[in-house]
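First up is the structure itself, then whatever we jot down about it.
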Amino acid sequence: MAIVDASSERAPELLIRRISVLIEAAHDALIELTLDADIDADLSCTLAALDLRDALDQLHQEAPALDRLSAAPLPCAPRDRANPFAAVGACLQDALRLVADGVAAVDDLSDAELLALARVAHGLARVFDRLKLPRP
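If you read the sequence shown in the numbering used here, its first letter stands for residue 85, the second for the next number, and so on.
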């Protein structure tokens with residue numbers, strides 16, 4: 085089952101919006117983690133947050149940034165409190181899957197939108213590496 089409804093007239097915009105929401109939520113969580121000197125001692129959270137901001141900028145060059153949709157923090161299960169990166173990693177995995185599924189499912193993506201999504205996928209891969217998270 086495709087994550088994106090390719091029959092929608094606005095499928096590219098909806099795809100970009102959904103990816104943006106996930107990346108913004110992960111970005112917000114990373115910003116919170118940067119405030120903990122022990123967690124961000126190697127600046128991996130800071131650098132990953134910058135990479136996510138770059139990914140958002142890539143998306144918003146092709147589709148204007150809509151009103152911010154992610155204001156709530158990422159949901160954390162009790163087991164996630166021991167590993168503060170678990171929720172961030174899950175969110176980023178969802179975003180990366182959405183990029184891959186969206187590219188395959190949405191027929192009317194422009195060349196510029198495809199390039200932006202490729203750059204986003206590359207940026208997300210960099211974040212996985214910086215945070216030493218397993219890739220999907």
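The C-beta atom is built at its ideal place from N, Cα and C for all residues, glycine as well.
Computed from a predicted structure; not experimentally measured.
- For the 8 Å CB-CB criterion, A179 and I115 do not form a contact.
- Relative to N167, the option among A95, S104, L215 and H144 whose CA is nearest is L215.
- Close CB contacts of F169 within its chain, under the 7 Å cut and outside five residues either way in sequence, are with L215 and L217 (chain order).
- Distance from the Cα of H144 is smallest, within the candidate group A209, L99 and L182, for L99.
- When the Cα atoms are used, A174 and D112 turn out to be separated by approximately 14 Å.
- Under a 10 Å Cβ-count criterion, A110 is classified as buried, with 16 or more other Cβ atoms of the shown protein chains found around its own Cβ.
- It is roughly 14 Å from the alpha-carbon of V187 to the alpha-carbon of H206.
- DSSP places I100 in the uninterrupted alpha helix (DSSP H) bounded by A95 to T118.
- Here DSSP, grouped into helix, strand and coil, assigns L180 to helix.
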